[in-house]
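Protein chains in written order, with my numbering: chain A, 314 to 543; chain B, 314 to 543. Glycine included, each C-beta is placed from N, C-alpha and C at the ideal position. Since we're looking at a predicted model, the values are computed, not measured. Scroll down for the structure; my scribbles are underneath it.
Number of protein chains: 2
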Amino acid sequence: MRNRPIPEATVARLPVYLRALLDLAEERGLLTVSSEELARMAGVNAAKVRKDLSYLGSYGTRGVGYDIEYLLYQITRELGLTQDWPAALAGIGNLGRALAYYKGFSERGFRIAALFDVDDEVVGTEVAGLQVRHLDELKEAVAQEGICIGIITTPPHAAQEVAERFVDAGLKSILNFAPAVVNVAPDVSIRKVDLSIELQILSFYQQRKQAIAAAREANRRLEGRLGSDG
Amino acid sequence: MRNRPIPEATVARLPVYLRALLDLAEERGLLTVSSEELARMAGVNAAKVRKDLSYLGSYGTRGVGYDIEYLLYQITRELGLTQDWPAALAGIGNLGRALAYYKGFSERGFRIAALFDVDDEVVGTEVAGLQVRHLDELKEAVAQEGICIGIITTPPHAAQEVAERFVDAGLKSILNFAPAVVNVAPDVSIRKVDLSIELQILSFYQQRKQAIAAAREANRRLEGRLGSDG
DNA sequence: ACGTGTTTGTGATAGCGGTCACAAGCTCGT
DNA sequence: ACGAGCTTGTGACCGCTATCACAAACACGT
């Protein structure tokens, strides 16, 4: 089992476990944790936790649980968080600025190392301690700063072109915040974060809840009338 | 088929189709579109598009394609975008401010109707044309503004409590940007957007790519040496 | 040394989601 | 009126994911 490739779904949960483990280690100073406790903290099923961790190897002790320090080390290593990952951010609008200032990135070795835009009004200004550069300088900056990850916070119509420039500059990992579909070669990883889509999904289920509530209400009234009639 | 419940995966893709269809209607003024073209624009498989749309009912014409206007109407209706959805945003930090200013929200009937915080330095200030209110005023604001959706952009340790306050105020849909696991009752929809997790997932695959490249390189050298030796 | 209680690791199973392939059905030209 | 050429709608299949259930293995008290 421990030599099989790690499933995507598991990879997506490892950061959640990592966070929970850091909490246990730093805040509470505990040494071991059971799959049940970890599952509770991560908001998932205990069996899922065990199966996920088993892909990393068998680092638990039956009857005891998992050694927190060791697990932290293994997950950190597996996620590649032992090195730091300089990132380039293209598109210095509201969202781009917020991300440039965002502390959450720098936490785990992610560091926004360069900012890019194409607007002459923005290029040259300083944001979050970095000088905004023109997108044309991307290649040099990537080489110079050792940039590995590209983040897109441009308007939608520019997203595809920026992605292509990122790929052209040698980046293989892209995080897209622009509300647009971006196509890249299969050897490039791309993940999207789309606020508007998330809201629309919530809207769908919210509407369904309201429709069900309305139907239940109508039914209740109808039955009430029938009851008083009978 | 058209009366079966719509799968979650399909719901998550409807907004993508919607965007593509708006593009086709507004930018190019087309009347019909084939599943293949729509699939290309949405970055998915054509069969998947057809199956997804078939859940809404059979609105296509064989040999021709789908009527864009009609499809737009159906998807809009199904996603509940015919009404607008006022949202509350709690946590006025960098990210909260950026979202408050973000234009992408207001596009499809989503409107940030109230901002909340607990910090006295922030409460009372004006952000994006709205006065930041204290979280204690949540209930009144929800009733007053007809708020349906809660957005969490607080630091992680405050996320769970804010979520509970949202639920307590009657909200059934929550979007969580805080890097923390939030548990709510099963009748409440919660979706999370976690920038740090996305980066860690990218990091995992990036590292694997580098490891594979390194192994390939080592192998090439080894074979080269063996070749010259033999 | 041994039994009891606990927790892991994993085979088995069920369900969901993606893809293929093709029949059904439409339009249009002749 | 009819055949050619498309495109939809969907049954069938396959792989991935989640969950269950239980044997294996450990610690600890006596």
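- Residue-level contact by beta carbon holds for PRO328 of chain A and chain B, with a gap shorter than 8 Å.
- Counting only Cβ-Cβ distances below 7 Å, LYS485 of chain A has contacts in chain B at GLN519 and LYS522, in chain order.
- In this structure the region 479-491 of chain B does not touch the region 519-527 of chain B; the number of beta carbon pairs closer than 8 Å is below three.
- If the five residues before and after PHE418 of chain B are omitted, its C-beta is found closer than 8 Å to the C-beta atoms of ALA400, LEU412, ARG424 and ILE425, all from its own chain and listed in chain order.
- For GLN387 of chain B, no chain A residue has a C-beta closer than 9 Å to its own C-beta; the minimum C-beta separation is roughly 13 Å.
- A Cβ-Cβ distance of about 20 Å is found for the pair ARG317 of chain B and TYR379 of chain B, leaving them out of contact under the 8 Å criterion.
- The contact set of GLY370 of chain B on chain A, defined by CB atoms closer than 8 Å, is empty, because the minimum CB distance reaches about 16 Å.
- Residue-level contact by beta carbon holds for PHE418 of chain A and chain B, with a gap shorter than 8 Å.
- Between ALA403 of chain B and GLY463 of chain B, the CB-CB gap stays under 8 Å.
- Contact check for LEU344 of chain A against LEU385 of chain A fails: the beta carbons are separated by 8 Å or more.
- In the DSSP assignment, GLY409 of chain A falls within the alpha helix (DSSP H) that extends over 407-414.
- Taking 8 Å as the CB threshold, PHE423 of chain A lines the interface with chain B.
- Residue environment for LEU451 of chain A: buried (at least 16 other C-beta atoms within 10 angstroms of its C-beta).
- For PRO399 of chain B, the enclosing beta strand (DSSP E) has its first and last residue at 398-403.
- For PRO499 of chain A, the closest Cβ of chain B is not nearer than 8 Å.
- For the pair ASP500 of chain A and ILE525 of chain B, the Cα-to-Cα distance works out to about 12 Å.
- Annotation for MET354 of chain B: ALA333, ASP336 and LEU337 place their beta carbon closer than 8 Å to its own, counting only its chain and skipping 5 residues before and after.
- Under the criterion of beta carbons closer than 8 Å, ALA456 of chain A and LEU443 of chain A do not qualify as touching, at roughly 17 Å.
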